[in-house]
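> Before I ask anything, let me first share the structure, which is written out below as structure tokens.
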Amino acid sequence: MARPIRETPILFGEDARRFIARMQERHPETPEARAQRLRDYEFFLKAFERGMAKKRAREAANGGVDPCFDNV
Amino acid sequence: MLRQCVDNLNFDFIRLLPSNKVKSFDCGDADLNDFILNRANLFDKHMLAVSYACVDINDASKLFAYFSLANDKIATSDFPSMTEFNRFRRKQGFPNEKRLKSYPAVKLCRLAVDNCAKNQKLGTQVLNIIKSMFVINNKTGCRFITVDAYLAAIPFYEKNGFRMMNQEDDDPHTRLMYFDLMDLAA
Chain A
1 MARPIRETPI LFGEDARRFI ARMQERHPET PEARAQRLRD YEFFLKAFER
51 GMAKKRAREA ANGGVDPCFD NV
Chain B
1001 MLRQCVDNLN FDFIRLLPSN KVKSFDCGDA DLNDFILNRA NLFDKHMLAV
1051 SYACVDINDA SKLFAYFSLA NDKIATSDFP SMTEFNRFRR KQGFPNEKRL
1101 KSYPAVKLCR LAVDNCAKNQ KLGTQVLNII KSMFVINNKT GCRFITVDAY
1151 LAAIPFYEKN GFRMMNQEDD DPHTRLMYFD LMDLAA
């Protein structure tokens, strides 16, 4: 059975102080990393629209059931 | 067998529905496999997490990767420890806002890449997508991404800008990490 997902804890003491201090700092991504991230996201938007359109078409053709999955 | 079709032109993304039970997936980790094969649809059904899958463009039953997301928060307290916090709570009731501050976050519950798609930087691509999802046209405020990272995956997350949440975390399997989305703000 899959391990439970750990809850994010409340931060106390030094952990909280370090976290707040880090929030004030800025570590901007490089122009190259930013360009790559935006390219990946643009691709995702298209691939998601395409994937969901195909999924809806499969469901429409199979009485609301997507045959690519075990439907429960 | 390494499928050579894993590139940007050969996969789609879909959002899995509660009724969609994935037929097969193998990332080499029993826990991550079990989650997508048996648990993800239940998390979705109970509105606890939603899962997205990266699938073969010609056969959506073949998953290359998946990720599951849920709402989260990071809370900080002025108290030096949980013991002090609990003592105050017992005495004073629920602490006021001066004593406890929280910041909205999204929890990356699970992220896994199938064995057939490893070493293609698909995991980094998925992280770039998740980061952008909560910076560009985000529907609610969200400052951080949190993740409960497997020990073996810590270098991957560090390489992608995540930091440790606690200095002393002795969990034998995972470490809590976070990414500050403000670093991506234009």
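Protein chains in written order, with my numbering: chain A, 1 to 72; chain B, 1001 to 1186.
All C-beta atoms in this analysis are idealised placements derived from N, C-alpha and C, irrespective of residue type, glycine included.
Keep in mind that this is a model prediction, so the values were computed, not measured.
CA-CA distance, K1098 (chain B) and I20 (chain A)?
Position 98 of the second sequence, counting from 1, holds the residue named residue 1098 (chain B). Position 20 of the first sequence, counting from 1, holds the residue named residue 20 (chain A). At K1098 (chain B), the pLDDT of 49 sits below 50, so the modelled position is not reliable; the number obtained from the coordinates is stated separately. Annotation: K1098 (chain B) to I20 (chain A) spans about 14 Å, alpha carbon to alpha carbon.
> Looking at C-beta atoms only, is the number of pairs between the segment 29-43 of chain A and the segment 1122-1131 of chain B that lie closer than 8 Å three or more?
yes
> Could you list which residues in chain B have their beta carbon closer than 8 Å to that of A57 (chain A), in chain order?
Position 57 of the first sequence, counted from the start, is the residue given in the question as residue 57 (chain A). Those within 8 Å of A57 (chain A) in chain B number zero; the least Cβ separation is about 11 Å.
> What residue does the alpha helix (DSSP H) around S1132 (chain B) start on, and which one ends it?
In the second sequence, counting from the first residue as 1, residue 1132 (chain B) sits at position 132. That run of the alpha helix (DSSP H) goes L1122 to M1133.
> How would you list, in chain order, the residues of chain B whose beta-carbon sits under 7 Å from the beta-carbon of E32 (chain A)?
Within the first sequence, the letter at position 32 stands for residue 32 (chain A). The premise fails here: E32 (chain A) is roughly 12 Å from chain B at the closest Cβ pair, so nothing lies under 7 Å.
> From the DSSP output, in three-state form, read off P1172 (chain B) for me.
Against the second sequence, residue 1172 (chain B) aligns to sequence position 172. In this structure, P1172 (chain B) counts as coil in the three-state DSSP scheme.
> In whole angstroms, what separates the C-alpha of V1106 (chain B) from that of S1068 (chain B)?
Within the second sequence, the letter at position 106 stands for residue 1106 (chain B). Within the second sequence, the letter at position 68 stands for residue 1068 (chain B). Computed Cα separation, rounded: 10 Å.
> Could you give the distance in angstroms between the alpha-carbon of A35 (chain A) and the alpha-carbon of D1072 (chain B)?
Within the first sequence, numbered from 1, the residue matching residue 35 (chain A) stands at position 35. Within the second sequence, numbered from 1, the residue matching residue 1072 (chain B) stands at position 72. Computed Cα separation, rounded: 28 Å.
> Measuring alpha carbon to alpha carbon, tell me which residue in B:A1049, B:F1064 and B:L1017 is nearest A1117 (chain B).
Within the second sequence, the letter at position 117 stands for residue 1117 (chain B). Taking only the C-alpha atoms, the option nearest A1117 (chain B) is B:F1064.
> Applying a beta-carbon distance threshold of less than 8 Å, which residues of chain A neighbour I1074 (chain B)?
Stepping through the second sequence from its first residue, residue 1074 (chain B) is reached at position 74. T8, L11 and F19, listed in chain order.
> Kindly indicate which residue of B:T1124, B:Y1052, B:L1181 and B:D1183 has the alpha-carbon position closest to the one of K1159 (chain B).
The count along the second sequence starts at 1 and reaches residue 1159 (chain B) at position 159. Looking from the CA of K1159 (chain B), the closest CA among B:T1124, B:Y1052, B:L1181 and B:D1183 belongs to B:T1124.
> Below 7 Å CB to CB, which residues in the same chain sit around I1057 (chain B) once its five sequence neighbours on both sides are set aside?
Along the second sequence, read from residue 1 onward, the residue named residue 1057 (chain B) stands at position 57. Result list for I1057 (chain B): N1010, F1011 and D1012, in chain order.
> Compare the C-alpha of L1016 (chain B) against each of B:P1155, B:T1140, B:A1153 and B:N1038 and name the closest.
Taking the second sequence and counting its residues from 1, the one referred to as residue 1016 (chain B) is at position 16. The residue with the shortest Cα to Cα distance from L1016 (chain B) is B:N1038.
> According to DSSP, is F43 (chain A) part of a helix, a strand, or is it coil?
As a position in the first sequence, residue 43 (chain A) is number 43, starting the count at 1. It is helical.
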